[in-house]
Ligand SMILES: O=P(O)(O)OC[C@H]1O[C@H](OP(=O)(O)OP(=O)(O)O)[C@H](O)[C@@H]1O
Ligand SMILES: O=C(O)c1cc(=O)[nH]c(=O)[nH]1
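In UniProt numbering, the protein residues as written are 1 to 178.
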């Protein structure tokens, strides 16, 4: 089984939940994909890293991250998968709000100014979260080469409106929900 097939099986088995949910955007939904259950699973996180690297292989970025919290384990999985392949990849965390003490940084990690970066998410429904990260990255002087998410849940039109390249190994149709 390929990494891509294996990760999809893990997502279906471990992350998809049925019920009544309120999403980040305030919209209601009858299913939810809790990707933290795979991105923080010690057996599955390495797969997440490899699949996301493969999906974005041609984009020429050297740092990856997104809006905390969903993006964080995606970015670190990619950092470690890249290291295993002999490639240097830094990660960063975009805070939801700036910090009033310490260094008062909105983006934590190695400096992103002047660098080609990839903005990631675990899933994108409206694109609001990942586009917040894109805005913060641009304000910090980074060049955002693309947006990537594990599971596209509806954000594609909004991300396209912004003129951004959008990569995702899976979309809702792949989950086989009935
Ligand atoms: O495309 P959107 O409409 O923005 O929705 C997707 C976002 O929702 C979830 O995070 P959530 O807002 O629940 O916060 P968390 O990452 O802190 O758990 C998910 O991890 C994405 O970040
Ligand atoms: O839109 C969201 O908030 C959302 C949807 C989903 O399936 N999973 C998730 O973590 N967030």
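Backbone N, C-alpha and C fix where the C-beta goes; we use that ideal spot for every residue, glycine too.
Fair warning: this is a prediction, and the values are worked out from it, not measured in the lab.
Beta-carbon proximity of residue i to residue j, cut-off 9 Å
| i | j | result |
| --- | --- | --- |
| residue 66 | residue 133 | yes |
| residue 35 | residue 29 | no |
| residue 106 | residue 63 | no |
| residue 176 | residue 27 | no |
Contacting residues, own chain, Cβ-Cβ under 7 Å from residue i (five flanking each side not counted)
| i | result |
| --- | --- |
| residue 148 | 52, 55, 56, 118, 120, 167 and 168 |
| residue 124 | 130, 149, 152, 153 and 155 |
| residue 96 | 67 and 68 |
| residue 81 | 46, 49, 50 and 53 |
| residue 6 | 47 |
| residue 76 | 91 |
Own chain, CB closer than 6 Å to residue i, minus 5 neighbours either side, in chain order
| i | result |
| --- | --- |
| residue 14 | 37 and 38 |
| residue 40 | 73 |
| residue 108 | 93 |
| residue 10 | 38 and 44 |
Selection from the options that minimises the alpha carbon distance to residue i
| i | options | result |
| --- | --- | --- |
| residue 137 | 151, 113, 155 and 21 | 113 |
| residue 78 | 45, 98, 69 and 93 | 45 |
| residue 74 | 142, 85 and 47 | 47 |
| residue 170 | 2, 8 and 3 | 8 |
| residue 33 | 21, 43 and 42 | 21 |
| residue 164 | 25, 172 and 135 | 135 |
| residue 142 | 111, 158, 172 and 162 | 111 |
| residue 19 | 25, 31 and 10 | 31 |
Buried versus exposed, by CB contacts within 10 Å (16 or more), residue i
| i | result |
| --- | --- |
| residue 146 | buried |
| residue 122 | buried |
| residue 58 | exposed |
| residue 50 | buried |
| residue 17 | exposed |
| residue 91 | buried |
| residue 86 | exposed |
| residue 84 | exposed |
| residue 71 | buried |
| residue 127 | buried |
Beta-carbon proximity list for residue i, same chain, < 8 Å, skipping 5 on both sides
| i | result |
| --- | --- |
| residue 60 | 116 and 145 |
| residue 88 | 62 and 82 |
| residue 99 | 105 and 106 |
| residue 160 | 166 |
| residue 4 | 51, 54 and 169 |
| residue 172 | 151, 152, 153 and 154 |
Checklist entry - With distances taken from each beta carbon to the nearest heavy atom of ligand 2, which residues come in below 5 Å, in chain order? => result 23, 24, 32, 33, 123 and 125
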